[in-house]
Each structure stands twice: as C-alpha cells, then as structure tokens.
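Here numbering that gives the first Met the number 0 is used: the first residue of the sequence shown is 0, the next is one more, and so on.
As structure tokens, the structure follows; a few thoughts come after it.
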Amino acid sequence: MTLSVHAIAGTAVSLAFRNNPAIALLAAFFSHFLLDAFSHWHYRILSKSADGLSPFGKKLDFGPGFLKDIFRTGIDFAIGLIVSLIVSAIFFPENLWLVFWAVIASALPDALQVFYYRFKNFKPLYWFQWLHEAIHSEKRLDNEPAKGVAQQIVMAAILLFLIYYFH
C-alpha cells in the first residue's frame, strides 16, 4: 500500500475517534496493518533486495538507491499528508493537529521497517518487523501495476468519501 493511502486511511479512522485523540492516534497506527493485510501493490524499493541470510529474507542497502527511495517515499507521504490536511481543513478544521499526527502514526510502521534494517540486533525492532511481515498479505500486486494503482486510487476515493459522508 502506498503511504498516501495509509495517510488517508489514518485520517479517516482518526476523525471517527476525534473525541478521544489517544484512541484516534492508535486507530491510525493500527489502520496501517489492516490495509497491509489485503493484497495490494507496492512501488519498487530500489535499495531493497533478497538476502537468504537475513531473518526475513531481505536486506536494505543504504547507498544511492536508498536516497532515491527516501525521495520517492517522501513525495508519496507528502501527497497523503497534503490531501489529508486539505480535506480535513474543509470538513474538520478544528482537528488539523489530530490529522497531522494521525498521518504520521499511519506511516510509522513502514518507517520502523527502515530502522529495523539499520539496527537488526535491536530486539524490539525485530519483533515489530516480525509482526509487520506476519500481518502483511502474501499476495502482492507488484507485477500488475495497472491493477495495483487502480486499487490504490479506488481505496483512496472510498476513504475520502467516508470522510465526507460522516462529517
């Protein structure tokens, strides 16, 4: 799932619980895992490759490809943040700070994956990565970009409609 869709989902669930910010932020965080449980498309992470020696069969190279990945995921995240803030400013202007933090919470699981690959010996990150991998759908649409991108657009549209409908 792209970070933009995670951001919009985090926004939607946080606004559903806007009267209790702690629950709202937890819901945004856990919405990430709910979305990842469904088969979906990912854009290619240039710095990630297979590694049979790593616990999860992957490694992350922190070279030039990593900087490109940070740039691309940063743009993806920024799009989700901007869309979330604009929609929230229209329908829930009093909740902009909540939405800002909910977007961060909804993207946090993927950010923690980067920290896992950098600090593999830190056990809490290992267990977090294990959980993320265990929940993540095994069926991926990565080789079907047209279907995968369309799915992401439809998912974002449904979430935006729900925000509008329940305001």
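C-beta: ideal position from N, C-alpha, C; glycine also.
- For residue 52, the secondary structure class from DSSP, reduced to helix, strand or coil, is coil.
- By the Cβ test, the region 128–140 is in contact with the region 22–38, since at least three Cβ pairs between them sit closer than 8 Å.
- Counting along the chain, residue 67 sits inside the alpha helix (DSSP H) bounded by residues 63–90.
- With respect to the C-alpha of residue 40, the residue from 155, 143, 162, 159 having the closest C-alpha is 143.
- Here the alpha carbon of residue 46 sits roughly 8 Å from the alpha carbon of residue 67.
- Judged by their CB atoms, residue 13 and residue 98 are nearer to each other than the 8 Å cut-off.
- Contact holds between the region 104–112 and the region 1–17, because three or more Cβ pairs, one in each stretch, are under 8 Å apart.
- Nearest in C-alpha terms to residue 83, of all of 159, 141, 52, 63, is 159.
- Pairwise C-beta distances place the region 54–68 in contact with the region 113–130, as three or more of them are shorter than 8 Å.
- Burial check for residue 70: the Cβ neighbour count within 10 Å stays below 16, so the residue is exposed.
- In this structure, residue 16 lies near residue 26, with their beta-carbon atoms less than 8 Å apart.
- Among the bridge pairs identified by DSSP, residue 135 is matched with none.
- Note on geometry: alpha-carbon atoms of residue 124 and residue 115 lie some 5 Å from one another.
- Residue 95 is not a Cβ neighbour of residue 101, given a cutoff of 8 Å.
- DSSP places residue 119 in no beta strand (DSSP E); its state is neither H nor E.
- Counting along the chain, residue 59 sits inside the beta strand (DSSP E) bounded by residues 57–59.
- Pairing residue 163 with residue 92, the inter-Cα distance amounts to about 13 Å.
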